[in-house]
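Residue numbering for the sequence shown follows the working numbering, starting at 20 and increasing by one per position.
Heads up, the beta-carbon is just placed ideally off N, CA and C, and yes, glycines get one too.
Working notes, structure below.
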Amino acid sequence: MASLLLIPLDDTVVFPTMDVTLPIDVGTDDQVVLVPRHDGEYASVGTIVNVTDRVRLPGGGRGASLEGVARAVIGAAQSDLTGQLRVEVEPHPDTTPVDGRTRELEREYRAVVEELLELRGDDGRVAAFLRSVTEPGALADTSGYAPDLTFEHKVELLELLDVTDRLERALELQRERLAELQIRRKIRDDVASGTNKQQRDYLLRKQMESIRKELGEDDGSFVDEYRTKIEEAGMPEAVREQAERELARLERAEGGGGNQEGQMVRTYLDWIVSVPWSETSEDKLDPVATREVLDADHAGLEDVKDRIVEYVAVKKLRQERGMVADGKSGAILTLIGPPGTGKTSIGESIARAMGREFVRISLGGVRDEAEIRGHRRTYIGALPGRLVRALRDAGTMNPVILLDEVDKVGADWRGDPSAALLEVLDPAQNSTFRDHYLDVEMDLSQVVFIATANQADTIPGPLLDRMEVIRFDGYTTAEKTAIARDYLWPRQRERNGLREDEVLVGDDVLETIVAEYTREAGVRNLERELGTLLRKTATRMASGKAEAPVTVDLELVREALGRQKVWQEAAARTAVPGVATGLAVTGAGGDVLFVEANAMPGTSGGLTLTGQLGDVMKESARIALTYVRAHADELGIPQSAFEDREFHVHVPAGAIPKDGPSAGVTMITALASLLTGRPVRHTVGMTGEVTLQGRVLPIGGLKQKVLAAHAAGLTDVVLPERNRGDLDDVPDDVRAVMSFHPAMTIGEVLEVALEPAPVAV
């Protein structure tokens with residue numbers, strides 16, 4: 020053991036066979052030990068070197084010329100009197116092995132390095148130096164001169180004390196370098212033949228081709244892979260022939276897929292094999308079980324549930340009796356109604372009840388026909404339409420596909436998507452649907468299409484004719500209370516981390532929340548209010564301010580939800596003459612509108628209309644004024660009431676556009692109330708279109724209007740006589756507490772709507 024001055028070398032390795040000059044200060048010592056260091060960690064083996072000369076480097080720094088002597092195993096370290104670090108070292112000179120394996124490794128090493136030098140273009144000097152090295156240990160140490168060996172590899176070689184092991188490891192590293200150089204040379208040679216005529220993108224493409232070939236991923240393997248996928252896809256014969264023609268194009272294409280044409284063909288094949296041509300879900304054809312699933316997920320919606328049960332029952336009978344499907348029995352159900360009534364979520368329940376996959380396609384705001392039918396393949400970036408993508412995502416050819424918000428499809432210069440839906444939603448045609456991108460016939464007759472919309476007015480007539488319409492007219496207060504108790508409350512309770520026995524609520528409290536905090540056809544806002552109430556309850560319990568079980572009462576509701584948000588204001592609004600309560604249907608369901616009329620000095624017979632009224636509603640207002648003037652004597656209005664006066668009709672909530680003919684009777688009632696001084700009964704709501712002769716014509720959406728009147732606290736509804744039959748759709752509990760007054764003429768309307776005239780004394 021000897022004690023030598025330790026000189027750390029950062030990211031540098033000096034081998035015993037090297038003579039080097041380094042920018043280090045060796046003091047007065049004639050022999051030191053050089054130890055590699057990386058990230059503060061020293062190697063376990065260093066190199067003992069003799070100091071042959073001390074030099075001054077350019078710039079004034081000190082350096083030393085060093086001659087390698089031998090490897091040394093590093094021992095204990097300590098500082099000397101000058102503060103320099105000295106270590107105990109055990110010299111480990113190489114011993115020459117005499118076995119045949121070492122000699123064989125030596126010969127192989129020389130051959131590999133000479134081939135490396137040839138690839139690098141050595142001028143012969145390095146090869147001559149290599150031949151001058153006779154000892155196997157020194158031969159392995161020549162790897163320390165290799166510029167492409169990493170620092171870690173050089174330290175590894177330095178720490179290998181056994182000559183045979185060191186030579187074997189050096190040979191492995193040099194073989195890796197040789198393989199890298201050979202691949203680079205091969206790629207360069209492959210590319211060189213075409214570089215004179217091609218641009219940069221071609222050069223990169225050829226390099227990719229060469230790399231694929233080296234990895235065994237040549238174009239032949241792609242073709243074979245596609246051929247296998249086509250065979251396993253179970254395609255119809257015509258589709259299979261089309262796929263095989265495209266596969267032949269791929270084989271003929273220059274570069275087999277590396278060029279633009281080949282890439283387009285490969286993308287097409289990827290799509291056509293992704294369609295589940297032969298995959299179908301096994302239907303659960305049990306009408307009773309289907310009804311149980313639908314009832315468990317949704318309250319009400321009897322028409323929808325009955326139609327799905329009928330579909331399952333018919334399909335079961337046809338299957339049991341061996342009747343061949345005619346391809347025209349696909350159900351195209353369209354659920355039309357206000358938001359929050361369960362139209363979208365019913366699609367998932369239908370799929371679960373039938374044992375089918377479920378896919379939702381949102382059509383709101385879609386304006387490009389290609390979104391439905393796909394793009395022609397000649398366009399850059401062409402893709403199939405949403406129906407093909409829906410089948411791919413479902414993985415079967417008979418999923419339940421929900422076409423959400425079909426009434427909000429638009430049209431522009433790119434085409435009309437609703438026109439493209441005509442074929443899709445026609446059971447007599449959709450068995451031969453053809454996507455523009457795939458350009459093959461697809462059978463959509465097994466798909467159950469469920470479309471949803473808020474209103475039917477914006478759906479084109481030909482498209483609506485292909486649909487089996489089921490209307491959602493909203494829920495009564497009792498139905499909302501039951502839905503809140505059985506569905507919304509348990510769901511929100513679980514979402515907010517509460518157990519069933521920790522928070523209790525009664526039907527009376529739920530009914531109060533329905534009546535005083537929401538006014539909607541559906542239950543979406545109701546669920547939000549319940550979520551707010553339960554979040555605040557969970558916060559109080561987590562903060563230790565309340566202990567389970569918590570019983571929700573009116574005081575807690577007011578504290579959590581704030582003051583009452585909805586009022587029954589008909590009595591206050593109609594207390595003065597000139598205000599009538601009308602019933603309307605909007606995209607959000609039924610609603611109550613207060614029509615206000617007033618008069619002021621001005622041009623005789625002038626009429627001002629405000630409140631964001633549409634053209635049809637403006638015409639109704641003009642008809643109303645004309646009728647009142649023409650029948651002034653019958654109504655007990657003096658002609659002087661119209662002289663030098665102009666009239667103003669206003670429908671509040673002006674930020675919301677309003678249109679439609681059903682406000683005609685309301686406007687006549689408001690003007691008649693104003694001019695006769697007889698207020699409108701605060702319990703009466705009315706709807707109906709009116710003619711110049713005063714006849715009341717039928718309207719639509721009666722059930723939604725009646726439900727809105729009931730929610731607003733009205734007890735009497737004036738409606739057209741020809742809508743009397745529509746009262747059968749109104750829930751029994753609502754009909755039991757309301758009175759209905761069918762009318763043929765405006766005189767019958769005014770008799771019910773206006774307060775009696777004061778009796779002259």
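Check, Outcome
"Taking only the alpha-carbon atoms, compute the straight-line gap between Gly-683 and Val-668 and give it to the nearest angstrom.", "12 Å"
"Could you check what DSSP says for Gly-383 in three-state terms: helix, strand or coil?", "coil"
"Would you check if there are 3 or more beta carbon pairs closer than 8 Å linking the stretch 764–776 to the stretch 732–743?", "yes"
"Going by the beta-carbon positions, is the gap between Glu-133 and Ala-146 smaller than 8 Å?", "yes"
"In three-state terms, what does DSSP make of Phe-34?", "coil"
"Only counting the same chain, and skipping five residues up and downstream in sequence, which positions put a Cβ closer than 6 Å to that of Ala-262?", "Ile-249 and Ile-291"
"The alpha helix (DSSP H) with Ala-591 in it runs from where to where?", "589–592"
"State the Cα-Cα distance for the pair Val-152 and Asp-160, rounded to the nearest angstrom.", "10 Å"
"What would DSSP say about Ser-300, mapped onto helix, strand or coil?", "coil"
"Identify whether His-172 lies in helix, strand or coil by the three-state DSSP scheme.", "helix"
"What's the C-alpha gap between Gly-340 and Ser-300?", "It should be noted that the sequence gives Arg, not Gly, for residue 340. Whole-angstrom Cα-Cα distance: 20 Å."
"Can you give me the C-alpha to C-alpha distance between Arg-543 and Pro-657, rounded to a whole angstrom?", "51 Å"
"For the alpha helix (DSSP H) holding Leu-773, just list the boundary residues, first then last.", "From DSSP, Leu-773 is part of no alpha helix (DSSP H); its letter is neither H nor E."
"Does Asp-751 come out as helix, strand or coil in the three-state DSSP assignment?", "helix"
"Along the chain, which unbroken stretches of the beta strand (DSSP E) at least 3 residues long are found entirely within the stretch 315–355?", "351–355"
"If we count Cβ pairs, one from each stretch, closer than 8 Å, do we get three or more for the stretch 376–384 versus the stretch 505–525?", "no"
"Would Gly-281 pass as an interface residue toward chain D - the criterion being a Cβ-Cβ separation below 8 Å?", "Among the chains in the structure shown there is no chain D, since it carries only a single protein chain."
"Three-state secondary structure (DSSP) at Thr-247?", "helix"
"Hey, is Thr-495 close to the ligand SAH, as in C-beta under 7 Å from one of its heavy atoms?", "The ligand SAH is not part of the structure shown, which contains no ligands of any sort."
"Going by C-alpha distance, which of Glu-388, Ser-162, Gly-59 and Thr-706 is nearest Ser-639?", "Thr-706"
"Determine contact between the stretch 449–460 and the stretch 392–403, defined as no fewer than three beta-carbon pairs at a distance below 8 Å.", "yes"
"Give the straight-line distance between the Cα atoms of Ile-327 and Ala-267, rounded to the nearest whole angstrom.", "46 Å"
"What residue range is occupied by the uninterrupted beta strand (DSSP E) comprising Met-560?", "Segment 543–561 is the alpha helix (DSSP H) holding Met-560; no beta strand (DSSP E) there."
"Is it the case that the Cβ atoms of Ile-788 and Thr-353 are separated by a distance below 8 Å?", "With the chain covering only 20 through 780, there is no way to say anything about residue 788."
"Distance, Cα to Cα, Gly-414 vs Pro-295?", "5 Å"
"Please report the straight-line C-alpha distance between Glu-767 and Pro-698, rounded to a whole angstrom.", "16 Å"
"Relative to the C-alpha of Leu-552, which candidate in Arg-648, Ala-567 and Leu-575 has its C-alpha closest?", "Leu-575"
"Give the secondary structure of Val-459 by DSSP, where H, G and I count as helix, E and B as strand, and everything else as coil.", "coil"
"From Asn-782 to Gly-550, what distance separates their C-alpha atoms?", "Here the chain comprises residues numbered 20 to 780, so residue 782 is not present and cannot be evaluated."
"Does Ala-561 pass the burial test, meaning 16 or more other C-beta atoms within 10 Å, or should it be called exposed?", "exposed"
"If you run the structure through DSSP and keep just helix, strand and coil, what is Thr-71?", "strand"
"If you draw a straight line from the C-alpha of Thr-558 to the C-alpha of Ala-472, how long is it?", "38 Å"
"Give the straight-line distance between the Cα atoms of Asp-92 and Arg-207, rounded to the nearest whole angstrom.", "The question names Asp, but residue 92 in the sequence shown is Val. Going from the Cα of Val-92 to the Cα of Arg-207 covers about 45 Å."
"If I measure Cβ to Cβ from Thr-556 and keep anything under 6 Å in the same chain, skipping five residues before and after, which residues do I get?", "Val-522 and Val-569"
"In whole angstroms, what is the alpha-carbon distance linking Leu-25 and Leu-190?", "31 Å"
"What separation, rounded to the nearest whole angstrom, lies between the Cα atoms of Ala-470 and Leu-545?", "25 Å"
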